[in-house]
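Encoded as structure tokens, the structure appears first; notes follow it.
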Amino acid sequence: MENGLSCFHEFVHSRPGQLIVQPRMGFSQFDRMREGLACVKNINAHTVGTITLDSFTRTGDFRSAKEAIENHRPLNGYPIVSYGARVNRQLIDGLAGPDFPVQVRHGCSRPESIFKAIIDAGIDATEGGPVSYCLPYGRVPLTASAASWRACCEMFAEGDHTKRHIESFGGCIMGQLCPPAMLIAVTVVEALFFRQYGVRSFSVSLSQGSNFQQDAAALSALRIVSRKYLGDQDQWHIVYYTFMGKFPVTVHGAKAIMKDSVRIAKSGKADRIIVKTIKEAHQIPSIEDNRDALIQADRDFRAPLDPLEEQIDPGEVERITEEADFLIEVLLNADNNLENAIAAVFSKGYWDIPFCLHPDNRNAAFARLDDEGRVEWADTGNIPFPARILKNHRRKNKKLSSKELLLMVSYNQIKYDFPGWKADRENGPAGEGILEKPLIQI
């Protein structure tokens, strides 16, 4: 393993200028999960494998997961803790390695048992974070999540710690409607958290929003900010997520948003992308769905960008960079220990995630979409932005109506399922009638 880096990270890092494509795939049946990994490995593209865990395992209900295995009941992911180390090692035997790294994706705020199972299985990569896998997912106190993630990082760092990799999920917190600078701040701070507790290989993330130009600018800003705080890119890379919010329900809509995510990743020079499928709005995708999506993503990446896709507004990059940098500095100045600093900025409302109802989030700040789909602060709550940053955002004191919020949440679904729709700055996306129609099935 060259330079002692994670097999997972080294695979990505050794392919500059390429886009590594990765599915969100998980099956509870051993044979099906192994078949899925083998299928992804054999695709003619730069791929890495994914083992996505089930909901019982994510919430620590290992007994229910084990009962499901014993009674042959399907789950919505792979129950890694309940299968045990011997079975898990058999799962990846002959598949995982330097030419095909595998990552476990879980969604757990207190993941010690999951981390132990990952290590025992001989897998070197996972993802999440003390903030990004706490605030959106439940009511576990942020301090408890941070303490758990500290223990997990220390567990991952034992022995030859340079061989293990954690991807921050911070760039996707809430899935949508969060200003990009906040996403950048969360993912970079989580990477700093991993490093503080011994992990030396990590990735930072960002998710597709609802405006191509803003998203590409945000990716550029993420790289600038990451270089400032994380240093040499030998230790980290950038992962981009296809839209994680309310997904288009039509085939043409799903294909279009998936294609745009790849084009944004290419324009903004991401290193890896987490791909969705055309079945996202309807069911857990099959192996074949994932295969087709990965092949198409690789094909879309290899097609040349058009002139509009290549244009990234330097002013927008500068604005997002300045805002993210300010948020990170606010946190770093709160306490030398990142675990304490994270708790401090949320308790004071200096960090505030729009629309997040977790008890430890102040929920005084909120965001809106402009008529082109850009996410911008509408009220910054108690975040102490200076005047030079506040002037870049329109402030609307009027709170959101339930209809306006629904329209914002549905923005991308309407935009891609119904090409030619129009948005209205004051009333949100002009989709009231569209939302009342039955969902189009595929």
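In case it helps, our numbering puts the sequence shown at residues 410 to 851. Every residue gets a Cβ at the ideal spot worked out from N, C-alpha and C, and that includes glycine. What you are looking at is a predicted structure, and each value in this text was computed from that prediction instead of being measured.
| Asked | Found |
| --- | --- |
| With the cut-off set at 8 angstroms, would you say residue 722 and residue 626 are in Cβ contact? | yes |
| One question on the structure: do residue 575 and residue 549 come within less than 8 angstroms of each other, judged by their Cβ atoms? | no |
| Quick one: Cα of residue 755 to Cα of residue 712, how far? | 43 angstroms |
| Pull up the distance between the alpha-carbon of residue 775 and that of residue 766, whole angstroms please. | 12 angstroms |
| Compare the beta carbon distance of residue 648 and residue 672 with 8 angstroms and say whether it is the shorter of the two. | no |
| List in chain order: all unbroken alpha helix (DSSP H) runs of 4+ residues lying wholly within the segment 420-456. | 439-450 |
| Excluding five sequence neighbours on each side, which residues of the same chain lie with their C-beta closer than 7 angstroms to the C-beta of residue 835? | The predicted position of residue 835 is uncertain, since its pLDDT is 43 and thus under 50; a value taken from the coordinates is nonetheless stated next. Excluding sequence neighbours, residue 835 sits near nothing in its chain. |
| Quick check on DSSP: helix, strand or coil for residue 579? | helix |
| Of all the options 631, 437, 556, which has the alpha carbon lying nearest to the alpha carbon of residue 593? | 631 |
| Rounded to the nearest angstrom, what separates residue 690 and residue 655 at their Cα positions? | 8 angstroms |
| Taking three-plus beta-carbon pairs below 8 angstroms as touching, is the segment 809-824 in contact with the segment 651-665? | yes |
| Using alpha carbons as the reference points, say which of 622, 686, 509, 599 lies closest to residue 657. | 686 |
| Have a look at 688, 605, 488, 815 and flag the residue whose alpha-carbon is nearest the alpha-carbon of residue 477. | 488 |
| Assuming residue 683 and residue 433 make a contact with CB atoms under 8 angstroms, what is their CB distance in whole Å? | 6 angstroms |
| Count the other C-beta atoms from every protein chain shown that fall within 10 angstroms of the C-beta of residue 545, then say buried if there are 16 or more, exposed otherwise. | buried |
| Does the Cβ of residue 800 have 16 or more other Cβ atoms within 10 Å, making it buried, or fewer, making it exposed? | exposed |
| Leaving out the 5 sequence neighbours to the left and right, which residues in its chain are closer than 6 angstroms to residue 783 when beta-carbon positions are compared? | 620, 623 |
| Just checking my contact of residue 536 with residue 559 at CB under 8 angstroms: how many whole Å lie between their CB atoms? | Contact flag wrong, Cβ pair sits at about 16 angstroms. |
| Which value, in whole angstroms, describes the spacing of the CA atoms of residue 702 and residue 564? | 35 angstroms |
| Identify the residues that DSSP records as bridge partners of residue 785: which are they? | 777 |
| Which of helix, strand or coil does DSSP assign to residue 666? | helix |
| Pick helix, strand or coil for residue 645, following the three-state DSSP scheme. | strand |
| Which first and last residues belong to the beta strand (DSSP E) in which residue 536 is found? | 534-537 |
| Report, in whole angstroms, the separation of the C-beta atoms of residue 461 and residue 435, which I expect to be a contact under 8 angstroms. | 3 angstroms |
| Counting beta carbon pairs with one atom in the segment 579-593 and one in the segment 416-429, are three or more of them shorter than 8 angstroms? | no |
| Using the beta-carbon count (16 or more within 10 Å), is residue 692 buried or exposed? | exposed |
| Using 8 angstroms for Cβ pairs, my map puts residue 510 next to residue 449. What's the rounded Cβ distance? | Rounded, the Cβ-Cβ distance is 11 angstroms, inconsistent with contact. |
| To the nearest angstrom, how far is the alpha carbon of residue 758 from that of residue 573? | 33 angstroms |
| Pull up the distance between the alpha-carbon of residue 598 and that of residue 417, whole angstroms please. | 21 angstroms |
| Helix, strand or coil, according to DSSP, for residue 819 in the structure here? | coil |
| Which whole-angstrom value describes the C-beta separation of residue 629 and residue 579, a residue pair presumed to lie in contact below a C-beta threshold of 8 angstroms? | The Cβ separation is near 17 angstroms, so there is no contact. |
| For residue 547 and residue 437, I'd like the C-alpha separation in whole angstroms. | 23 angstroms |
| Apply the 10 Å Cβ neighbour rule to residue 423 and answer buried if 16 or more other Cβ atoms are within range, or exposed otherwise. | exposed |
| Quick one: what's got a C-beta closer than 7 angstroms to residue 646's C-beta in the same chain, skipping five residues either side? | 418, 421, 422, 612, 680, 681 |
| By Cβ distance, which residues of its chain are closer than 8 angstroms to residue 674, with the 5 residues on each side in sequence left out? | 428, 628, 649, 682, 710 |
| With C-beta atoms as the reference, is residue 452 less than 8 angstroms away from residue 700? | yes |
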